[in-house]
Ligand code: ZN
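In structure tokens form, the structure reads like this:
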């Protein structure tokens with residue numbers, strides 16, 4: 086893997102614009118139980134597909150908010166890992182650096198990344214079902230919170246099954262992918278769109294595409310380099326080589 090790491094470090098050192106796409110693998114290394122992990126207690130009777138939908142929320146908003154409250158509590162106990170921290174450091178060393186993430190945990194922000202496009206929203210956010218009201222501090226949120234502006238219901242600020250991704254976020258993500266010189270695709274299965282399509286857009290724009298994932302994915306076919314490793318190990322290895330080059 087050493088030669089490949091060196092190639093990536095060289096591309097990184099030369100790139101004026103970098104786009105990073107992160108998926109569930111990035112979060113998993115922080116020890117966050119993924120969506121699909123076994124759910125303890127009475128939640129174990131429900132599949133995420135039955136809770137994270139507009140229909141479930143319409144049926145029983147208190148119940149769905151309760152599930153999200155539990156997920157937020159779990160998230161508070163974990164920290165960004167070295168991979169998150171390195172991406173934030175790299176952003177401060179490079180002119181144009183964008184992270185596009187499918188993750189809803191906010192760990193990139195907590196690690197210090199500034200320019201993050203969160204395609205699926207945030208666990209620690211709520212928004213009005215009717216107007217544009219949003220809030221990110223959910224500490225004193227009630228069991229069935231209402232909008233202070235229009236009195237309609239507030240809902241979790243995440244994208245649910247069957248919902249379209251926010252168009253502004255999608256456009257920004259394609260703009261970042263289509264103008265970058267280096268694209269890093271980290272810890273995504275490549276099955277959930279638009280991760281694969283973003284890698285394709287970067288490829289068409291003649292960017293170098295690097296995949297970091299322990300196992301092959303559909304993105305491997307368009308990648309110039311595939312590092313078969315965990316996110317934190319691969320990013321640490323690239324960082325060491327880049328710093329040794331005098332960055
Ligand atoms: Zn409202």
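Residue numbers (this note's numbering): 86 to 332. The beta carbon of each residue, even a glycine, is placed where N, CA and C say it ideally should be.
*What are the complete alpha helix (DSSP H) segments, minimum 4 residues, inside the region 152-180?*
Listed in chain order, the complete alpha helix (DSSP H) runs (minimum 4 residues) inside the region 152-180 are 167-178.
*Taking the continuous beta strand (DSSP E) assigned at residue 251, which residues delimit it?*
Segment: none, residue 251 is in no beta strand (DSSP E) and carries neither H nor E.
*If you draw a straight line from the alpha carbon of residue 133 to that of residue 299, how long is it in whole angstroms?*
Taking the straight line joining both Cα atoms gives about 25 Å.
*Apply the 10 Å Cβ neighbour rule to residue 187 and answer buried if 16 or more other Cβ atoms are within range, or exposed otherwise.*
Residue 187 is buried by the Cβ-count criterion.
*If you draw a straight line from the alpha carbon of residue 149 to that of residue 212, how long is it in whole angstroms?*
Using only the alpha carbons, I get a separation of about 14 Å.
_Strand pairing of residue 206, partner residues [DSSP]_ = When DSSP reads this structure, residue 206 sits in a beta bridge with 243.
*Alpha carbon of residue 151 to alpha carbon of residue 189, nearest angstrom*: So the two alpha carbons sit approximately 17 Å from each other.
*Taking Cβ to Cβ, would you say residue 173 is nearer than 8 Å to residue 198?*
Pairing residue 173 with residue 198 gives a Cβ-Cβ distance under 8 Å.
_What does DSSP give as the partner residue(s) for residue 211 in the beta ladder?_
Per DSSP, 220, 241.
*residue 189 by DSSP, collapsed to three states: which one?*
Three-state DSSP puts residue 189 in coil, outside helix and strand.
*asked:* Measuring alpha carbon to alpha carbon, tell me which residue in 210, 101, 278 is nearest residue 179.
replied: Distance from the Cα of residue 179 is smallest, within the candidate group 210, 101, 278, for 101.
*Using three-state DSSP, classify residue 291 as helix, strand or coil.*
In this structure, residue 291 counts as coil in the three-state DSSP scheme.
*Compute the minimum distance between the beta carbon of residue 234 and the heavy atoms of the ligand ZN, and state whether it is under 7 Å.*
Yes; taking the cut-off as 7 Å, the Cβ of residue 234 has a heavy atom of the ligand ZN nearer than that.
*Taking the alpha-carbon positions, what's the residue 236 to residue 207 distance?*
Distance between the alpha carbons of residue 236 and residue 207: 22 Å.
*From residue 329 to residue 162, what does the alpha carbon distance come to, in whole angstroms?*
Roughly 34 Å separates the two Cα atoms.
_If I measure Cβ to Cβ from residue 286 and keep anything under 7 Å in the same chain, skipping five residues before and after, which residues do I get?_
So the qualifying residues of the chain are 259, 262, 263.
*Close beta carbons around residue 269, own chain, < 6 Å, minus the five adjacent residues each side*: Taken in chain order, the residues that qualify are 105, 295.
*Could you tell me the boundaries of the alpha helix (DSSP H) in which residue 323 lies?*
Unbroken alpha helix (DSSP H) run through residue 323: 316-329.
_Host alpha helix (DSSP H) of residue 111 (start-end)_ = Start and end: 109-113.
*Express the C-alpha separation of residue 284 and residue 251 in angstroms, rounding to a whole number.*
Their backbone Cα atoms lie some 19 Å apart in a straight line.
*So residue 90 is in the alpha helix (DSSP H); what residue range does that whole segment cover?*
Note, residue 90: alpha helix (DSSP H), 87-99.
_Is residue 153 close to the ligand ZN? I mean its beta-carbon at under 7 Å from any heavy atom of the ligand._
Not one heavy atom of the ligand ZN is found less than 7 Å from the C-beta of residue 153.
_Taking 7 Å as the cut-off, is the C-beta of residue 221 nearer than that to any heavy atom in the ligand ZN?_
In this structure, the ligand ZN has no non-hydrogen atom nearer than 7 Å to the beta-carbon of residue 221.
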